[in-house]
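Asks:
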Amino acid sequence: ARAQGGQPVIYGIRPEHIDIAPDGLSATVSVLEPTGSETQIFAKLGDDPIDAIVKDRLTVRPGEEVRLRIDPRRVHIFDRQSGARL
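Here my numbering is used: the first residue of the sequence shown is 2, the next is one more, and so on.
(1) DSSP has K45 in a bridge; who is on the other side?
(2) Would you mind working out which of E39, I51, P16, T40 sits nearest K29, comparing C-alpha positions?
(3) Quick one: what's got a C-beta closer than 6 Å to D20's C-beta in the same chain, skipping five residues either side?
(4) With respect to 8 Å, is the separation between the Cβ of T40 and the closest non-hydrogen atom of the ligand MG below this value?
(5) Just confirm the distance between the C-beta atoms of S31 and P73, as a whole number of angstroms; I'd bet it's less than 8 Å.
(6) For R62, which of helix, strand or coil comes out of DSSP?
Below is the structure:
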């Protein structure tokens, strides 16, 4: 199925499909959790929460900006009402 114009949808992406990139979207860090070889980032992208798992070691602190790039080939779109994948 395809989304129709004006249809409310949910934009889904797995945390491991998000990268740090200078040309990425600006997000405000809430929590950073180093987990061995990866770092889990909990942040806000506008008013929406976003989680990312990156291979980089980061020095940003909560409240600071991080730039996240979402791989559009990895995005999943869902109907907001039914939850069905479009």
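Ideal Cβ placement from N, Cα and C applies to all residues, glycine included.
None of the values given here were measured: they were computed from a predicted structure.
Replies: Here's the rundown:
(1) By one-based count along the sequence shown, residue 45 stands at place 44. Looking at the DSSP assignment, K45 forms a beta bridge with T29, P50.
(2) Looking up residue 29 in the sequence shown gives position 28. The identity of residue 29 in the sequence shown is Thr, whereas the question assumes Lys. It is I51 whose Cα lies nearest to the Cα of T29.
(3) If you number the sequence shown from 1, residue 20 lands on position 19. Result list for D20: R70, in chain order.
(4) The model on display carries no ligand, and the ligand MG is accordingly not part of it.
(5) For the purposes of this step, residue 31 is taken as the residue at position 30 of the sequence shown. For the purposes of this step, residue 73 is taken as the residue at position 72 of the sequence shown. Not a contact, Cβ separation roughly 24 Å.
(6) Here residue 62 is taken as the residue at index 61 of the sequence shown, counted from 1. Coil at R62, not helix or strand.
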